[in-house]
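Residue numbers (the numbering used here): 1 to 108.
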């Protein structure tokens, strides 16, 4: 599972931020590591230099081979909370999709 991390210019410390978030993302998605080919994470500050509550937005996209990509967006007080919120949303989507795929396979 390849993880790609992108930020806008208002997010400081991109590399250290990625290093601190990556293990958490891998832990949440560990169960799906064999079916996920790539995870793309985009973090931006929606208010720019102005302060604000929940002004960090994360868009996380998960790609599986032979399947359409799934994406989720989440806002948070900091990049870590925003990313983990979006990843948790995608975890629920994957659980649902895999359950539907299993049900279809049983009916065949």
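C-beta: ideal position from N, C-alpha, C; glycine also. Just so we're clear, the structure is a prediction, and the values are computed from it rather than from any experiment.
Residue range of the beta strand (DSSP E) that includes residue i
i          : result
residue 57 : 56-64
residue 72 : 70-76
Proximity of residue i and residue j at Cβ, strictly below 8 angstroms
i           : j          : result
residue 58  : residue 78 : no
residue 56  : residue 45 : yes
residue 93  : residue 70 : yes
residue 82  : residue 43 : yes
residue 41  : residue 3  : yes
residue 51  : residue 1  : no
residue 24  : residue 84 : yes
residue 103 : residue 76 : no
Cβ distance (whole Å) where residue i is taken to contact residue j below 8 angstroms
i          : j          : result
residue 90 : residue 72 : 5 angstroms
residue 86 : residue 60 : 4 angstroms
residue 48 : residue 10 : 5 angstroms
Collapsed DSSP secondary structure at residue i in the structure displayed
i          : result
residue 45 : strand
residue 21 : helix
residue 53 : coil
residue 26 : helix
Range of the contiguous alpha helix (DSSP H) that encloses residue i
i           : result
residue 11  : That residue, residue 11, is in no alpha helix (DSSP H); it is neither H nor E in DSSP.
residue 105 : 79-107
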